[in-house]
Amino acid sequence: METTPSHRKIEILGPGCTRCKETFRVVAHVVETEKLPFTVEKVEGMERMLELGLLATPGVAVEGKVIFSGRIPKAEELRAALAAL
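Residues in the sequence shown are numbered consecutively from 28, following our numbering.
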């Protein structure tokens with residue numbers, strides 16, 4: 028699915044570790060159950076992580092801005108962060 032004005036992008040940043048996979052699962056679940064207008068993609072490339080200034084994985088970035096890093100966000104706090112955008 029392409030990123031369009033109605034579908035913004037969430038990037039899950041990390042090397043593909045267990046915590047990164049769990050972060051992807053949590054984010055995808057929230058987006059799906061809340062029917063939010065976001066696409067979710069995994070990013071394992073160090074170049075993109077450095078570009079965004081990510082210092083700890085896993086990371087969650089929305090439209091190029093890191094909103095969580097170094098931990099798996101709880102579904103409730105993810106919902107609140109996305110609603111505030």
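Note that CB positions come from ideal geometry on N, CA and C, so glycine has one too.
Nothing here was measured: the structure is a model prediction, and the numbers come from that model.
**Item:** Range covered by the beta strand (DSSP E) that runs through Thr45
**Value:** Unbroken run through Thr45 is the alpha helix (DSSP H), 45 to 60; no beta strand (DSSP E).
**Request:** Rank Val57, Arg75, Gly97 by C-alpha distance to the C-alpha of Leu109 and give the top, closest one.
**Result:** Val57
**Message:** Using a Cβ-Cβ cutoff of less than 7 Å, which residues in the same chain neighbour Cys47 once the five nearest sequence positions on both sides are dropped?
**Reply:** Ile39, Gly41, Thr84, Pro85
**Item:** Endpoints, alpha helix (DSSP H) assigned at Arg106
**Value:** 102 to 110
**Which residues DSSP lists as bridging Ala88, in chain order** = Glu38, Val93
**Asked** How is Glu71 classed by DSSP in three states: helix, strand or coil?
**Response** coil
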